[in-house]
Amino acid sequence: MISLKGVSKIYCKDGIGLEQIDLQIEPGEFVSVVGQSGTGKTTLVKLIIAEEKPTTGEINVGGWDITNIKEKDIPFLRRQIGVVFQDFKLLSKKTVYENVAFALEVAGETYDRITQVVPKVLDIVNLKQKGDRYPHQLSGGEQQRVVIARSLVHRPKILVADEPTGNLDAVNTQEVIEILKRINEFGTTILLVTHNKDIVNQLRRRVITLHNGRVIADEKEGKYRL
């Protein structure tokens, strides 16, 4: 599903994002990527979603070699990969329903398709009854759940969540993690980037630990050991 072979990302002489990374993430896995700030976690995400290209090595996502992906092909890749960041980036003048629908509108989906998909993804994140609310009327956890719903509209094979609970309290954090687990049960591969020890230790799923741009541990049922 996600394969990195000999991948390095060098920004400058003294700025190494990743160094000689070899990773294989299988379909349906739930993988946590951990490490201190500046260890390469964000660089890894940017390479997987083709926001950046590797300096050396090969990257394959969903059977597609994206190592030297062309600009025109990136939107098609992004439909295979749902992305959730710490910052919500919701459209303040659109309702919950409209925020989620907008992701389909810009992809040229029909009205009928939009009216079918949006209620389903809102139901997955337990927000079906709040479709007419605006972002400022929601809690932080609810806003993040809207972001997750928006990331699911294209039925992605992979969901990359980069510090999705960084701005949330313990209760909302737990709600978001439970939703990610549910999405994983549907067969979606989850790549969770986090510094939250409690989340990682509670999940008891595969944990990849980065340090100074290298993989220093890869455990099937790991813990946050840093």
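When we follow UniProt numbering, the leftmost residue of the sequence shown carries the number 1, and every step to the right adds one.
Every residue, glycine too, gets a C-beta built ideally from N, C-alpha and C.
Please read all numbers here as calculations on a predicted model, not as lab measurements.
Where residue 18 is concerned, the enclosing beta strand (DSSP E) starts and stops at 15-25. For residue 3, the beta-bridge partners assigned by DSSP are 24 and 60. The DSSP-derived three-state label of residue 38 is coil. DSSP links residue 32 through a beta bridge to 192 and 207.
In the structure shown, residue 92 adopts coil according to DSSP, grouped into three states. Contact check for residue 138 against residue 161 fails: the beta carbons are separated by 8 Å or more. By the beta-carbon neighbour count (other beta carbons within 10 angstroms, threshold 16), residue 196 is buried. In this structure, DSSP gives residue 65 an extended state, which the three-state scheme calls strand. Per the C-alpha coordinates, the member of 159, 12 and 174 positioned closest to residue 49 is 159. Residue 37 is classed as exposed because its beta carbon has fewer than 16 other beta carbons within 10 Å across all chains shown. Here residue 24 is exposed. Its C-beta has fewer than 16 other C-beta atoms within 10 Å. The DSSP-derived three-state label of residue 107 is coil. Counting other Cβ atoms within 10 Å of its Cβ, residue 88 reaches 16 or more and is therefore classed as buried. Here residue 95 really is in contact with residue 133; their C-beta atoms are around 6 Å apart, less than 8 Å. Just so you know, the alpha carbons of residue 199 and residue 155 end up roughly 25 Å apart.
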